[in-house]
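Taking it in order: structure first as structure tokens, then the write-up.
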Amino acid sequence: MKKNMTQFIGFSSVYLATVITLFLLGMIVYFIAAKGFSVLDWEFFTEVPKRGMTEGGVAPAIVGTFYLTIGAIVFALPLGLACAIYLCEYSPKGIVVNVIRMSIYNLAGVPSVVFGLFGLAVFVKYFGFGVSILSGSLTLGIMALPRIIASSEEALLAVPQSYREASLAVGATHWQTIKKMVLPSALPGILTGVILSIGAVAGETAPILFTAATFYTRGYPDSVFSEVMALPYHIYALMTEGTHPAEQTEIAYGCSLILLFLVFAISAVAIFFRYRQRIVHE
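First residue of the sequence shown: 16, per our numbering; consecutive thereafter.
This is the structure:
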């Protein structure tokens, strides 16, 4: 009787926590949608800002956010996955590897503004990339690295050891085993980490504030060395530096709604590939 009661309380707590989380998420999305949906039209998606950013659209900010997010993932995913493969499959077990893992986990907790200052000092100043898409993407990519490494490592460790042993037993090399057996099995978990990283880097303001974003531009970037508008910084600028608060507040909520849609769209692509890979593997 006591065991059943404990189980009932445990399951009820999990269900309640899930309902509360979904309710809060729904409230956030509803609040932003209610405030920002009125400004969404074709012009808002396709035009540049006009009249002191009180009219027109936010197309350059949408394009800039997309470029920065994709650039960060393109940089961070191969590097993070390679690091996770080394830690799981090749590194000798010992205190050195444990220290490396602990450092990676600690790096994930570093405030984003610190990454922004790092990007300013290294990419903008030292390497001479200037305030640009390249500097912003590299900074966001470094910020996403700890999450991708940690999630990829957990996904690789979750692959049964018997898969590796069976592959090696039929004559496959270590790398062939990783490529043909381990990575396909771990890919759904790896993509989960990528999805979480996309949501994190797409909404960051502090790193791109120092490395990539500009307050206003009428054009679109023509190279990786161009500075760009970005939705997170555009929202910040509208809410803190705008001279027409009534009009610009609505635009800021509209930008927030577009940012949600953009994150959901990119995440949906990753979820689709994760689901497809899981079906193929099963």
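Even glycine gets a Cβ: it sits at the ideal position worked out from N, Cα and C.
For residue i, write down the residues that DSSP places opposite it in a beta bridge.
{"i": "Ala228", "result": "Val243"}
{"i": "Gly71", "result": "Pro64"}
Between which two residues does the alpha helix (DSSP H) containing residue i stretch?
{"i": "Met158", "result": "Ile148 to Leu172"}
{"i": "Ala181", "result": "Gln176 to Ala184"}
{"i": "Leu122", "result": "Ile110 to Leu122"}
{"i": "Phe130", "result": "Ser127 to Gly134"}
Give me the Cβ distance between residue i and residue j, rounded to the nearest whole Å; I'm assuming they're in contact under 8 Å.
{"i": "Ser212", "j": "Ile88", "result": "7 Å"}
{"i": "Glu265", "j": "Gly51", "result": "7 Å"}
{"i": "Ser167", "j": "Phe90", "result": "15 Å between Cβ atoms; not a contact."}
{"i": "Ala99", "j": "Ile164", "result": "5 Å"}
{"i": "Leu155", "j": "Ala285", "result": "Not quite, the Cβ-Cβ distance comes to about 16 Å (not below 8 Å), so this is no contact."}
{"i": "Phe60", "j": "Leu277", "result": "Not really, about 11 Å apart at Cβ, beyond 8 Å."}
{"i": "Leu274", "j": "Pro247", "result": "7 Å"}
{"i": "Val243", "j": "Gly79", "result": "3 Å"}
{"i": "Ile281", "j": "Thr84", "result": "6 Å"}
{"i": "Leu94", "j": "Leu160", "result": "7 Å"}
{"i": "Arg116", "j": "Leu132", "result": "Their Cβ separation, rounded to whole angstroms, is 25 Å, which puts Arg116 and Leu132 out of contact at 8 Å."}
{"i": "Pro75", "j": "Thr232", "result": "6 Å"}
{"i": "Leu55", "j": "Gly269", "result": "6 Å"}
{"i": "Glu219", "j": "Met158", "result": "7 Å"}
{"i": "Ala215", "j": "Arg162", "result": "7 Å"}
{"i": "Ala221", "j": "Val128", "result": "4 Å"}
Kindly indicate which three-state DSSP category residue i falls into: helix, strand or coil?
{"i": "Thr220", "result": "coil"}
{"i": "Val21", "result": "Note that residue 21 is Thr in the sequence shown, not Val. Helix at Thr21."}
{"i": "Thr188", "result": "coil"}
{"i": "Pro203", "result": "helix"}
{"i": "Ser106", "result": "coil"}
{"i": "Pro260", "result": "helix"}
{"i": "Pro93", "result": "helix"}
{"i": "Tyr45", "result": "helix"}
{"i": "Gly143", "result": "coil"}
{"i": "Gly269", "result": "helix"}
{"i": "Ser282", "result": "helix"}
{"i": "Ser238", "result": "coil"}
{"i": "Arg233", "result": "coil"}
{"i": "Leu37", "result": "helix"}
{"i": "Leu31", "result": "helix"}
{"i": "Leu55", "result": "coil"}
Any Cβ of chain C within less than 8 Å of the Cβ of residue i?
{"i": "Gly134", "result": "Protein chain content of the structure displayed is limited to a single chain, and chain C is not contained in it."}
Exercise. With a cut-off of 8 Å, do at least 3 Cβ pairs link the segment 192 to 209 to the segment 170 to 178?
Worked result: yes
Exercise. Taking contact to mean at least 3 C-beta pairs separated by less than 8 Å, is the segment 108 to 115 in contact with the segment 174 to 184?
Worked result: no
Exercise. Given 8 Å as the limit, is there contact between the segment 42 to 60 and the segment 242 to 261, that is, 3 or more CB pairs closer than that?
Worked result: no
For this session: Evaluate contact between the segment 226 to 243 and the segment 132 to 147, counting only Cβ atoms and requiring at least three cross-stretch pairs below 8 Å.
Result: yes
Exercise. Can at least three beta-carbon pairs, one atom from the segment 117 to 126 and one from the segment 187 to 197, be found at a separation below 8 Å?
Worked result: no
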